[in-house]
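Shown next, in structure tokens, is the structure this report addresses.
Protein chains: 2
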Amino acid sequence: MRRNICVVIGYDGTDYNGFQSQPGGNTVQDKLEDALLTLTGENIRVTGSGRTDAGVHARSMHVNFRTDSHIPASRWTLALNARLPDDIVVHSAFEVPDDFHARRTASRKTYRYTINCNKNPDVFRRKYEFHHHTPLNVEAMREGLQHLIGEHDFSSFTSPLSTKPSHIRTLYEARLETEHRYDVFSSAMAEADAKRYPGKQRGIIHLYVTGNGFLYNMVRIIAGTMMQVGEGKIAPEHISDILNARDRSRAGPTAVPHGLTLWNVEYGETLPLTDHV
Amino acid sequence: MRRNICVVIGYDGTDYNGFQSQPGGNTVQDKLEDALLTLTGENIRVTGSGRTDAGVHARSMHVNFRTDSHIPASRWTLALNARLPDDIVVHSAFEVPDDFHARRTASRKTYRYTINCNKNPDVFRRKYEFHHHTPLNVEAMREGLQHLIGEHDFSSFTSPLSTKPSHIRTLYEARLETEHRYDVFSSAMAEADAKRYPGKQRGIIHLYVTGNGFLYNMVRIIAGTMMQVGEGKIAPEHISDILNARDRSRAGPTAVPHGLTLWNVEYGETLPLTDHV
């Protein structure tokens with residue numbers, strides 16, 4: 001019987017047309033399949049735990065594939081990394097049960113959207129976070145986010161291009177974490193800032209959402225809407241109305257892709273195989 | 001009288017031939033002077049607080065220049081950022097006394113060299129840290145570093161190409177900070193690792209050195225030597241002998257440039273103007 005191998009990968013999506021193969025080429029899937037071909041001599045098709053759009057990143061994404069190769073599981077990581085470009089990395093590899101399917105078996109997915117509200121962009125993180133020039137009201141954003149938790153019809157938070165038969169999804173967690181990071185700022189400027197933007201803060205905001213599945217553009221629309229909450233354009237309690245309207249035009253704009261990272265995918269009891277150190 | 005303006009900049013050095021202008025072009029200085037020309041119409045020469053080699057980064061570096069322009073200090077940041085590529089950022093700008101000189105007035109400089117000892121490289125930090133495939137003995141490195149603190153002749157830790165009349169410099173501080181960062185690792189692999197590399201750890205190591213000045217390649221040779229200490233190739237107490245030998249061939253190799261970042265430059269009482277938030 002052919003073996004079922006699962007690899008956990010990460011990638012910098014900046015230079016790719018997303019994860020999934022498409023006519024235009026230059027996708028993460030293409031690079032993985034090229035590496036597998038040179039390693040095994042087999043034309044292998046891989047299955048990712050999800051699609052990511054052009055410019056979106058992944059910190060930890062599971063991918064599985066079938067192979068006749070006898071390479072021990074412990075050797076796949078190094079062998080594939082030697083054949084992959086340096087913006088894609090295989091973190092680990094292991095053999096999985098025959099019925100394991102990276103997308104269908106997944107129980108929870110977590111995405112992170114990062115917003116830099118410092119005065120200036122961070123040259124070292126510029127490809128992985130959106131630079132929002134003005135401060136945001138983090139408490140209002142936290143409050144707004146709570147209305148999205150639970151099982152809902154997320155039609156207001158998906159692209160009209162979505163072809164899914166149902167827009168009902170469950171959001172298990174939605175939280176904001178803030179981070180202070182280098183920004184040169186005189187006391188005088190900080191005071192002017194506090195006066196000009198009352199109740200708003202500078203710094204880095206990481207928005208984490210965990211759910212059983214996400215619709216097309218869903219996290220980016222949540223991020224774009226939360227930025228309007230943080231700007232004071234949408235009241236936090238208004239998020240429920242937007243959700244109930246099931247109308248994309250009621251939510252905020254779709255945030256740019258480069259701030260988004262597929263953070264983690266969980267498989268419940270199916271894959272208790274790896275620790276994240 | 002012409003004004004003396006100081007700007008604090010940061011840059012991702014990956015795509016540049018270092019800070020300082022040179023015949024081959026494509027330096028950070030060139031980009032700054034181009035931006036100043038389009039902004040002021042003046043051919044301005046800037047002075048950096050130090051030179052960085054090709055591929056080396058700067059988180060915070062002071063640069064000063066003279067101008068006849070009447071642009072208020074508070075406007076320089078935004079105006080220059082609009083004219084600079086996105087891998088160079090101006091953090092702040094202010095008018096300084098006529099005798100301020102970004103290099104000569106500097107009292108202390110801090111560099112950071114980052115070593116990633118995780119099993120796999122980090123795709124998001126790959127341009128800013130050196131990936132050392134095996135674990136290192138952090139305590140031995142800490143011990144070795146202590147021997148470098150103080151006033152010494154650093155001839156063993158500079159390139160033979162150095163043309164400085166004196167190799168005596170003072171290192172005020174030298175310390176290691178460790179950071180745990182995502183690495184997928186099974187318990188079985190962690191155990192095998194502990195057996196294979198006793199006394200050594202995985203994770204991220206940030207090596208910070210603060211001194212009154214640094215010789216050509218000095219921080220990169222310190223980093224390369226400390227990695228050999230961490231590997232167990234050089235005993236920590238042997239660092240004193242290497243220093244006393246005043247012989248470049250006794251120290252370890254020059255670590256690759258991309259792990260190095262000019263972290264901060266201090267001007268004592270001269271520039272108590274900015275807070276780092």
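Chains as they are written, first to last, in full-length UniProt numbering: chain A, 1 to 277; chain W, 1 to 277.
Each residue gets a CB set at the ideal place from its N, CA and C atoms; glycine is no exception.
Being a predicted model, the structure only gives us computed values, none of them experimental.
Which residues, taken in chain order from the region 123-147 of chain A, show a beta carbon closer than 9 Å to some beta carbon of chain W? 123, 124, 125, 126, 127 and 128
Examine chain A for any beta-carbon lying closer than 8 Å to the beta-carbon of residue 89 of chain W, and answer yes or no. It does; some Cβ of chain A falls within 8 Å.
How about residue 142 of chain W and residue 66 of chain W: do their beta carbons lie closer than 8 Å? no
Scan the UniProt domain "Pseudouridine synthase I TruA alpha/beta" (10-103) of chain W and note each continuous beta strand (DSSP E) run of 3 residues or more that stays entirely inside, going in chain order. 57-67 and 88-95
Starting from the C-beta of residue 275 of chain W, find all residues in its chain whose C-beta is less than 7 Å away, skip the five residues before and the five after it, and write them out in chain order. Reliability fails at residue 275 of chain W, whose pLDDT of 42 lies under 50, so the model's placement of it is uncertain and no value is given.
For the alpha helix (DSSP H) containing residue 209 of chain W, list its first residue and its last residue. No alpha helix (DSSP H) contains residue 209 of chain W, which is instead part of the beta strand (DSSP E) from 204-211.
Report the neighbours of residue 10 of chain A on chain W: residues whose CB is nearer than 7 Å to its CB, in chain order. 123
DSSP three-state assignment for residue 234 of chain W, whether helix, strand or coil: coil
Any idea what DSSP makes of residue 214 of chain W, helix, strand or coil? DSSP places residue 214 of chain W in coil when its eight states are reduced to three.
Chain-ordered neighbours of residue 86 of chain A on chain W, where CB pairs are closer than 8 Å: Within chain W, the residues near residue 86 of chain A are 121, 123 and 126.
For residue 214 of chain W, which option in W:193, W:149, W:133 and W:37 has the closest C-alpha, if you only look at C-alpha atoms? W:149
Contact belief for residue 113 of chain A with residue 207 of chain A at Cβ below 8 Å, rounded distance in angstroms: By a beta-carbon distance limit of 8 Å, residue 113 of chain A contacts residue 207 of chain A. Their separation comes to about 4 Å.
When you compare only the Cα positions, how much space is there between residue 118 of chain W and residue 172 of chain A? 31 Å
Should residue 81 of chain W be flagged as near chain A, meaning a C-beta pair shorter than 8 Å? Yes, its Cβ sits closer than 8 Å to a Cβ of chain A.
Chain A beta carbons: is any one of them nearer than 8 Å to that of residue 183 of chain W? yes
Out of curiosity, what's the CA-to-CA distance linking residue 223 of chain A and residue 254 of chain A? 7 Å
Inter-residue Cα distance where the pair is residue 132 of chain W and residue 235 of chain A: 49 Å
Determine, using beta carbons only, whether residue 59 of chain W comes closer than 8 Å to chain A. At a cut-off of 8 Å between beta carbons, residue 59 of chain W contacts chain A.
Do three or more CB pairs link the region 17-26 of chain A to the region 49-60 of chain A at distances below 8 Å? Enough Cβ pairs lie closer than 8 Å, so yes.
Measuring CA to CA, which of W:245, W:239 and W:159 is closest to residue 145 of chain W? With distances taken between CA atoms, residue 145 of chain W lies nearest to W:239 out of W:245, W:239 and W:159.
Which same chain residues end up closer than 6 Å to residue 266 of chain W when comparing Cβ atoms and leaving out the 5 residues on each side of it in sequence? Only 107 and 108 meet the Cβ criterion.
Write down the C-beta distance between residue 49 of chain W and residue 103 of chain W rounded to the nearest angstrom, noting that I regard them as a contact closer than 8 Å. 5 Å
Buried or exposed: which applies to residue 220 of chain A, given that a residue is buried once 16 or more other Cβ atoms fall within 10 Å of its Cβ? Buried: at least 16 other Cβ atoms inside 10 Å.
Buried/exposed call for residue 129 of chain W, threshold 16 Cβ in 10 Å: buried
Tell me which residues share the same chain as residue 80 of chain A and place their Cβ nearer than 6 Å to its Cβ, disregarding the 5 neighbours each side in the sequence. So the list reads 35 and 90, once near-sequence residues are dropped.
Helix, strand or coil at residue 150 of chain W [DSSP, three-state]: strand
Beta-carbon spacing of residue 110 of chain W, residue 263 of chain W below 8 Å: Yes, Cβ-Cβ distance for residue 110 of chain W and residue 263 of chain W is below 8 Å.
Whose C-alpha, out of W:15, W:24 and W:75, is nearest the C-alpha of residue 40 of chain W? Ranking W:15, W:24 and W:75 by Cα distance to residue 40 of chain W puts W:75 first.
Give the secondary structure of residue 124 of chain W by DSSP, where H, G and I count as helix, E and B as strand, and everything else as coil. coil
Roughly how many angstroms separate the alpha carbons of residue 246 of chain A and residue 229 of chain A, rounded to a whole number? 18 Å
Report the rounded CA-to-CA distance for residue 71 of chain W versus residue 183 of chain A, giving the unit in angstroms. The straight-line gap from Cα to Cα measures roughly 22 Å.
Please state the DSSP three-state secondary structure of residue 171 of chain A. strand
For residue 123 of chain W and residue 99 of chain W, I'd like the C-alpha separation in whole angstroms. 44 Å
What is the DSSP secondary structure of residue 118 of chain A, counted as helix, strand or coil? Coil, per DSSP.
Check whether residue 136 of chain W and residue 201 of chain W have beta carbons under 8 Å apart: yes
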